[in-house]
Structures are given as C-alpha cells and as structure tokens.
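Below is one structure, written out as structure tokens; comments come after it.
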Amino acid sequence: MKKIAFINNVPFEMRAGETILSFLRRHAGPEAVPTLCDAPNLKPFGSCRVCSVDVALSEDGPAKALASCHTPIAENMYIYPNSQRIRDLRRNIVELVLSDHPPDCLTCEVNGNCELQTVAARVGVRAIRYPAGKNHLSREKDRSHPYMTSELAKCINCYRCVRACDEVQGQFVLSMAGRGFDSHIIKGMDTTFAESDCVSCGACAQACPTSAISDVFQSKAILATEKVRTVCTYCGVGCNLNVAKT
Numbered sequence: 030m031k032k033i034a035f036i037n038n039v040p041f042e043m044r045a046g047e048t049i050l051s052f053l054r055r056h057a058g059p060e061a062v063p064t065l066c067d068a069p070n071l072k073p074f075g076s077c078r079v080c081s082v083d084v085a086l087s088e089d090g091p092a093k094a095l096a097s098c099h100t101p102i103a104e105n106m107y108i109y110p111n112s113q114r115i116r117d118l119r120r121n122i123v124e125l126v127l128s129d130h131p132p133d134c135l136t137c138e139v140n141g142n143c144e145l146q147t148v149a150a151r152v153g154v155r156a157i158r159y160p161a162g163k164n165h166l167s168r169e170k171d172r173s174h175p176y177m178t179s180e181l182a183k184c185i186n187c188y189r190c191v192r193a194c195d196e197v198q199g200q201f202v203l204s205m206a207g208r209g210f211d212s213h214i215i216k217g218m219d220t221t222f223a224e225s226d227c228v229s230c231g232a233c234a235q236a237c238p239t240s241a242i243s244d245v246f247q248s249k250a251i252l253a254t255e256k257v258r259t260v261c262t263y264c265g266v267g268c269n270l271n272v273a274k275t
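Mind the numbering: the sequence shown is residues 30 to 275 in our numbering, read in order.
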C-alpha cells in the first residue's frame, strides 16, 4: 500500500528515505521552499533554517517548525510550507543574515547571480529592521592565492564550502573555527589561501552562495544560459565539472 503525506492538506505519495524538502520539491516544484545551506551535491546540513516548514501530525493538530532539508518525511505528516508563521520566520532569518552583510550588492561580483540576494527578494526582505551593531564587515580580503580569493565579510556560515571541500573533493582544506558570533571559515591551520593545501579545484567557490569565496577570473559573475557536464583536466583524478555556457 502506498504511503502518503500531506501538503496543505492535499495527499501525496511519499518515498522511503526522502526528506521533507525532497518530498516538497518532487510534488510542489523545485522552488517550493527557499534554501541557503542546501546544495544538490552535498549532504543535508540544516544550518540556515531558511527551509523551515510547519509540520503537524494531524490536519488540525499543533504544528512545529522544522528544517525540511534534513528532516525525514513520515507517513501522515501534514506539511504547510508557506504558512504566515513560516513566512515571518524566513524573513526574520534572512534579515539577521543581511544585518551582518556588506551593503554593496550593486557593485558585488555576483550581483544578479547571488543566492542570498535571490532568497532575500523571494522572502520579501525590503529593509533591515535591526540597528547597526557588532559585525564582521572589517574582515580582510585574501588575495594571496594565484587562483582563489576570499572575502569572508560576505560569509553567511552556511558551511557549503567546507562540505564541498570535504565531501566532494576529499581535501579537508577548509574548516570552521570559533563558536557563536566568532565562528569563521579558516584555510588549513588558519593560514592564507596561498599557504594552505588548496589544490585550486574551485569546488568551494562553486558551492558558495555569495562571493565570500570566488576565483581571480570572477567566473561567478557569469550568468549561465546553459551548463555542460565535463571533466577537469587539472590532474589525473578526473573530477566532473559543470561548465557554464553564455
């Protein structure tokens, strides 16, 4: 017998082992829920909480906000992906992120091709309600590497670069240091990009949803009309790459 879960009280078939996010995308479309820390080639992580949805165990039962990207779907779940409470939560989360983000979108490398910018517009952020306070805007840019660059004042701590370096490339060059407000990305043993063991694969830049990590060619500024799957020729490993066509 088919197992079902509900989206806005409408029943849909569920698959064993899938998350609420994948369930929603399969039945409600790829834009069903906004995300920041999620990426198709990375394991679910649940750090940004932008993908939160309301989940209840009965149609009229109490609902709880859960991160859909790493919460497994269960039979007879009632999922409300865009309730007023969830829309307010998402907008508040993104406002908090933007309150510690440089206000230079118009001159940024990824203007028009930035996931944070896209999500902010989608959740309805038009202004930041929070007063100016302690922030990370003074973090220095790292231009030491011949290929890779970092501007960690624009980092949103989504861990996508760290996870791509670990899970996809197996290099373990990037990691997160500090706790709470002091959390920040480090290269190697807290060195520059040039002094680290970075192999210039570009996986971190490709994974980054902002321009916190990029490359000297500013390839993230390219608005791709098409992507072609190919193989990197840098070494003999043969890693797959998505190359943009414009």
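We treat Cβ as the ideally placed atom computed from N, Cα and C, and that holds for glycine.
Keep in mind that this is a model prediction, so the values were computed, not measured.
{"Check": "Helix, strand or coil: which one does DSSP assign to Phe246?", "Outcome": "coil"}
{"Check": "If we ignore side chains and look at the alpha-carbon of each, how far apart do Lys31 and Phe52 end up?", "Outcome": "14 Å"}
{"Check": "Whole alpha helix (DSSP H) runs in the stretch 64 to 98 with 4 or more residues, listed along the chain?", "Outcome": "none"}
{"Check": "Just to confirm the assignment: which complete beta strand (DSSP E) runs, minimum length 3, are found wholly within the stretch 194 to 233?", "Outcome": "203 to 206 and 213 to 216"}
{"Check": "Could you tell me whether the Cβ atoms of Lys183 and Ser240 are closer together than 8 Å?", "Outcome": "yes"}
{"Check": "Compare the Cα-Cα distances from Gly232 to each of His130, Thr221 and Tyr176 and report the closest residue.", "Outcome": "The identity of residue 232 in the sequence shown is Ala, whereas the question assumes Gly. Looking at the Cα atoms, Tyr176 is the closest of the given residues."}
{"Check": "I need the straight-line Cα distance from Lys163 to Val123, nearest angstrom please.", "Outcome": "17 Å"}
{"Check": "Would you say Asp219 and Val202 are within 8 Å of each other, going by their C-beta atoms?", "Outcome": "no"}
{"Check": "To which residues of the same chain is Asn140 closer than 6 Å at the C-beta, ignoring the five residues directly before and after it?", "Outcome": "Cys134"}
{"Check": "Apply the 10 Å Cβ neighbour rule to Pro59 and answer buried if 16 or more other Cβ atoms are within range, or exposed otherwise.", "Outcome": "exposed"}
{"Check": "Report the rounded CA-to-CA distance for Gly75 versus Ser173, giving the unit in angstroms.", "Outcome": "32 Å"}
{"Check": "Could you have a look at Thr136 and say whether DSSP puts it in helix, strand or coil?", "Outcome": "helix"}
{"Check": "Quick check: the Cα distance between Ala156 and Ala61, rounded to an integer number of angstroms?", "Outcome": "24 Å"}
{"Check": "So, are the CB atoms of Ala236 and Cys190 less than 8 Å apart?", "Outcome": "yes"}
{"Check": "By Cβ distance, which residues of its chain are closer than 7 Å to Ser212, with the 5 residues on each side in sequence left out?", "Outcome": "Asn186 and Met205"}
{"Check": "What residues are listed by DSSP as bridge partners for Phe348?", "Outcome": "As displayed, the chain neither begins before 30 nor continues past 275, which places residue 348 out of reach and without an answer."}
{"Check": "Does DSSP put Lys163 in a helix, a strand or coil?", "Outcome": "coil"}
{"Check": "Pull up the CB-CB distance for Ala92 and Ser81, whole angstroms please, since I reckon it's below 8 Å.", "Outcome": "Not quite, the Cβ-Cβ distance comes to about 11 Å (not below 8 Å), so this is no contact."}
{"Check": "Checking 8 Å against the spacing of the C-beta atoms, do Ala193 and Leu71 come in under that value?", "Outcome": "yes"}
{"Check": "For a test of the three-state rule: what should DSSP assign to Ala61, helix, strand or coil?", "Outcome": "coil"}
{"Check": "Sort Cys264, Asn269 and Gln247 by Cα distance to Lys256 and report the nearest one.", "Outcome": "Asn269"}
{"Check": "Quick test of your reading: Leu166 and Ala149, contact by CB under 8 Å. State the CB separation rounded to the nearest angstrom.", "Outcome": "That belief does not hold up - the Cβ atoms of Leu166 and Ala149 are roughly 17 Å apart, past 8 Å."}
{"Check": "Where does Ser260 sit, in a helix, a strand or coil, going by DSSP?", "Outcome": "A small fix is needed here, since residue 260 is Val in this sequence, not Ser. Correct three-state label for Val260: strand."}
{"Check": "If we count the other Cβ atoms within 10 Å of its Cβ and call it buried at 16 or more, is Glu42 buried or exposed?", "Outcome": "exposed"}
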